[in-house]
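The structure under discussion appears below in the form of structure tokens.
Here it is, written out as structure tokens:
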């Protein structure tokens, strides 16, 4: 029974020492970081209060001790705190970057199987009705995968030129399916080929144009892929002369993924714009900051 008061007393002493230590290091860190001008003002206030409450000697000791700590150890402690803060910020930036990469990988993974499954289903149908055409589509698919898989699996971003090449291989498959119902035009200047452009976005716009614009149209139509620079903004447009779109309808997973990926990569500096030209059809435009090469 006698040990209980002793234990409580020891606990009280430990807590008191812990609180005193926390207060001291808080005061020490404050001295290390505070500017000299602010410290002069603090000393003046302490001295005035010390005179007013007849505590001049403690006030003077406070000033002398804080001056000594500031001069002798303040610089080193400030450097330590600054380094720790920079390290914490770097760790946060690393975590945010990894999170962004994981989110982008998730979004991109939703796009990649979509086209592959559709193409395999097409080949399966053609095997029963037109084996030669199935062989041609199979050859186009192999060509597409050879050009696209390294880009889709790469850690870095892509270029507009690579995305155009991939889209041409993709459109060859679609033309094999739609035949004369699908015509294609590319209006992309060669000098824009080296400009950075996120993987799979161009193909997603083309898929969307075919699915919602040209497939519902009996006669089919034409897809035009264009690129140009206005000011410091790269415009990449996919336009079709199909049945048009309902601007108030749900835009679907593909376009939603593009918006999310643009936000992750560029924040408010990039956008996806959907328009309906006066002559009919639809235009989808990706607009993002223009750079000549991936290393600018």
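In the numbering used here, the protein residues as written are 57 to 352.
Positions of the beta carbon are idealized from the N, C-alpha and C atoms, including for glycine.
All values reported here derive from a predicted model rather than from experimental measurement.
Figure out for me which residue from 70, 71 and 254 has the closest Cα to the Cα of residue 346. Within the chain shown, numbered from 1, the residue matching residue 346 stands at position 290. Nearest C-alpha to residue 346: 254.
Beta-bridge partners of residue 317, as assigned by DSSP: Residue numbering aside, residue 317 sits at position 261 when the chain shown is read from its first letter. In the DSSP output, where bridge partners are listed per residue, residue 317 has none listed.
Closer than 8 Å by C-beta to residue 102: which residues in its own chain qualify, once you throw out the five before and the five after it? Chain order, please. Residue mapping note: residue 102 aligns to position 46 of the chain shown, counting from 1. Same-chain partners within the cutoff: 115, 118 and 119.
According to DSSP, which residues form a beta bridge with residue 281? As a first step, residue 281 must be located in the chain shown, where it is residue number 225. According to DSSP, residue 281 bridges with 242 and 294.
Would you say the region 272–284 touches the region 302–321, given that touching needs at least three Cβ pairs under 8 Å? no
Distance between residue 173 and residue 163 (C-alpha atoms, nearest Å): In the chain shown, counting from the first residue as 1, residue 163 sits at position 107. In the chain shown, counting from the first residue as 1, residue 173 sits at position 117. At residue 163 the pLDDT is 49, less than 50, meaning the model places this residue with poor confidence and gives no usable figure here.
Rounded C-alpha distance that separates residue 257 from residue 307: By one-based count along the chain shown, residue 257 stands at place 201. By one-based count along the chain shown, residue 307 stands at place 251. Spanning the two alpha carbons is a distance of roughly 15 Å.
Using the C-alpha atoms, what's the distance from residue 269 back to residue 184? In the chain shown, the residue the question calls residue 184 occupies position 128. In the chain shown, the residue the question calls residue 269 occupies position 213. About 28 Å.
DSSP-derived helix/strand/coil call for residue 349: Numbered from 1 along the chain shown, position 293 holds the residue referred to as residue 349. Coil.
Go through its chain and collect everything with a Cβ distance to residue 292's Cβ below 6 Å, but skip five positions before and after it. Numbered from 1 along the chain shown, position 236 holds the residue referred to as residue 292. Excluding residues within five positions, the ones whose Cβ falls inside 6 Å are 283 and 342.
By DSSP, does residue 301 sit in helix, in strand, or in coil? Here residue 301 corresponds to residue number 245 of the chain shown, with the count starting at 1. The answer is coil: DSSP assigns residue 301 none of H, G, I, E or B.
Once DSSP output is grouped into helix, strand and coil, what is the label at residue 341? Here residue 341 refers to the residue found at position 285 when the chain shown is read from its first residue. If DSSP states are grouped into helix, strand and coil, residue 341 belongs with the strands.
Does the beta carbon of residue 214 fall short of 7 Å from some heavy atom of the ligand NAD? What this structure holds is no ligand at all, so the ligand NAD is not there to describe.
Using the Cα positions of residue 112 and residue 104, report the straight-line distance between them to the nearest angstrom. Within the chain shown, the letter at position 56 stands for residue 112. Within the chain shown, the letter at position 48 stands for residue 104. Rounded to the nearest angstrom, the two C-alpha atoms are 8 Å apart.
If distances are taken between C-alpha atoms only, which option among 201, 251, 110 and 331 comes closest to residue 261? Locating residue 261 in the chain shown gives position 205, where the first residue counts as 1. Taking only the C-alpha atoms, the option nearest residue 261 is 331.
Can you tell which of 179, 182, 296 and 228 has its C-alpha closest to the C-alpha of residue 30? Nothing can be reported for residue 30, as the shown portion of the chain is limited to 57 through 352.
Which residues in the same chain as residue 250 place their Cβ atom closer than 7 Å to its Cβ, once the five residues preceding and following it in sequence are excluded? For the purposes of this step, residue 250 is identified with residue 194 of the chain shown, where counting begins at 1. So the list reads 215, 217, 348 and 349, once near-sequence residues are dropped.
Look up residue 109 in the DSSP assignment and say whether it is helix, strand or coil. Working through the chain shown from its first residue, we reach residue 109 at position 53. Note: residue 109 maps to coil in three-state DSSP.
Which one or two residues does DSSP pair with residue 214 in a beta bridge? Within the chain shown, residue 214 is the residue found at index 158, counting from 1. Bridge partners of residue 214: 253.
So residue 329 is in the beta strand (DSSP E); what residue range does that whole segment cover? To locate residue 329, count along the chain shown from 1; it is residue 273. Run containing residue 329: 327–331, per the beta strand (DSSP E) assignment.
May I have the straight-line CA-CA distance separating residue 294 from residue 187, to the nearest angstrom? Position 238 of the chain shown, counted from the start, is the residue given in the question as residue 294. Position 131 of the chain shown, counted from the start, is the residue given in the question as residue 187. About 32 Å.
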